[in-house]
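Counting along the sequence shown from 1, when you hit position 62 you're at 62 in UniProt numbering, and nothing is skipped either side.
Glycine included, each C-beta is placed from N, C-alpha and C at the ideal position.
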Amino acid sequence: MPMKIKQIQAFITLAREGNMTLAAEKMGITQSGLSRLLLSLEADLSATLFERHKHGMALSEYGSAFLPYALTMLNTEQKAREEIALIRGAGKGILRIGCVSSLLTSHFIDKLAAFHQRHPRIHLRIVDRIDSELFKLLLMHDIDIALCGPLPHDEKIVVRGKINWQDRICIVARQYHPLHQAANLSLEAMLDYPWIMPPPLSTPMNILEDIFRAHQLPCPQPVIECASSSAIKAFLCESDLLTSMPAPVYRHEEALGLLRPFELEGSVFIRDFYAYSHFGVLSGAALQLIQHLKQ
Numbered sequence: 001m002p003m004k005i006k007q008i009q010a011f012i013t014l015a016r017e018g019n020m021t022l023a024a025e026k027m028g029i030t031q032s033g034l035s036r037l038l039l040s041l042e043a044d045l046s047a048t049l050f051e052r053h054k055h056g057m058a059l060s061e062y063g064s065a066f067l068p069y070a071l072t073m074l075n076t077e078q079k080a081r082e083e084i085a086l087i088r089g090a091g092k093g094i095l096r097i098g099c100v101s102s103l104l105t106s107h108f109i110d111k112l113a114a115f116h117q118r119h120p121r122i123h124l125r126i127v128d129r130i131d132s133e134l135f136k137l138l139l140m141h142d143i144d145i146a147l148c149g150p151l152p153h154d155e156k157i158v159v160r161g162k163i164n165w166q167d168r169i170c171i172v173a174r175q176y177h178p179l180h181q182a183a184n185l186s187l188e189a190m191l192d193y194p195w196i197m198p199p200p201l202s203t204p205m206n207i208l209e210d211i212f213r214a215h216q217l218p219c220p221q222p223v224i225e226c227a228s229s230s231a232i233k234a235f236l237c238e239s240d241l242l243t244s245m246p247a248p249v250y251r252h253e254e255a256l257g258l259l260r261p262f263e264l265e266g267s268v269f270i271r272d273f274y275a276y277s278h279f280g281v282l283s284g285a286a287l288q289l290i291q292h293l294k295q
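Right under this line is the structure:
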């Protein structure tokens with residue numbers, strides 16, 4: 001028996017809520033109605049998708065395996081409806097874009113503005129996250145496109161191509177940091193100072209590890225972990241902390257004489273950017289934006 005969208009919605013809602021009562025309320029149906037949808041889906045798949053525990057419901061091994069495909073099916077159905085509505089002139093295409101912060105502080109904004117002028121009926125939703133979080137959002141189909149540096153290989157994520165943008169990731173400190181006055185600056189000397197960095201697996205953190213490893217040095221251990229670039233810059237301006245950060249993110253502070261990168265040989269990394277999507281059908285709007293960004 002073919003699976004129905006209502007069954008898929010019930011499965012995904014319960015997977016997210018982890019509780020029958022909350023999931024039923026979220027869908028606007030009774031618990032018995034939700035239970036019937038799930039039982040019929042499990043019968044169709046010949047698999048138990050959830051396991052009960054004292055705090056609610058959790059995905060079984062079969063459920064965890066089925067989740068990414070369920071997300072793809074639901075997302076494809078939603079995109080199909082949006083495309084039909086656009087053709088009829090009865091709605092807007094919705095494009096959910098995830099970016100790293102350096103893109104949102106660069107000429108990328110001009111690119112998006114130009115795209116919006118060409119396609120005013122496409123509604124853009126933009127989120128600013130670090131690479132590792134964009135990776136998770138793609139897997140959960142919470143965004144349509146991620147624009148960032150290289151992501152880990154995963155069969156459920158598709159590389160849609162390289163976009164026309166690069167940035168420089170540099171080691172940065174306040175303008176009058178003692179190391180800026182050092183006669184013989186070295187990476188080894190930087191190990192004597194405290195660091196503030198984004199979470200592990202973020203691109204700046206990975207690049208920092210590679211730079212120090214290439215010089216046979218241990219990677220600095222951050223005393224502060226922070227995912228907000230604005231907060232990191234505020235800390236830098238008021239202390240002797242060091243960080244690794246994309247140049248577009250601190251360009252205004254550099255122009256104001258607040259922050260300054262170290263132009264130490266071997267410490268600057270040039271990062272290419274790519275467009276990624278989740279596995280499955282992409283909307284026409286998403287494909288048009290990717291093509292626009294490649295130019």
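| Asked | Found |
| --- | --- |
| Between residue 301 and Arg-125, which are expected to be in contact by the criterion C-beta below 8 angstroms, what is the C-beta distance as a whole number of angstroms? | Outside the modelled stretch of the chain, which goes from 1 to 295, sits residue 301, for which no answer is possible. |
| Per DSSP, what are the beta-bridge partners of Tyr-62 in this structure? | Answer by DSSP bridge pairing: none, since Tyr-62 is not bridged. |
| Could you tell me the alpha carbon to alpha carbon distance between Ser-60 and Glu-51, rounded to whole angstroms? | 6 angstroms |
| Buried or exposed: Gln-221, going by 16 or more other Cβ atoms within 10 Å of its Cβ? | exposed |
| Kindly list the residues whose CB is nearer than 7 angstroms to the CB of Leu-67, restricted to its own chain and excluding five residues on each side of it in sequence; keep chain order. | Ala-15 and Leu-59 |
| Less than 9 angstroms between the beta carbons of Leu-236 and Ala-173, yes or no? | yes |
| Whole angstroms is fine: what's the gap from Arg-81's alpha carbon to Glu-263's? | 51 angstroms |
| Grouping DSSP H, G and I as helix and E and B as strand, with all else coil, what is Thr-243? | strand |
| Between which residues of its own chain and Gln-7 is the CB-CB distance below 8 angstroms, once the five residues before and five after are set aside? | Leu-37, Leu-38, Ser-40, Leu-41 and Asp-44 |
| For Ala-182, which residues from the same chain have a beta carbon less than 8 angstroms from its beta carbon, with the 5 sequence-adjacent residues on both sides left out? | Ala-189 |
| Using a Cβ-Cβ distance cut-off of 9 angstroms, determine whether Ala-247 contacts chain C. | Going by chain labels, chain C is absent from the structure shown, which holds only one protein chain. |
| At what residues does the alpha helix (DSSP H) containing Arg-121 begin and finish? | Unbroken run through Arg-121: none, as it is neither H nor E. |
| Using the rule of at least 16 other Cβ atoms within 10 Å of the residue's Cβ for burial, across every protein chain shown, is Gly-93 buried or exposed? | buried |
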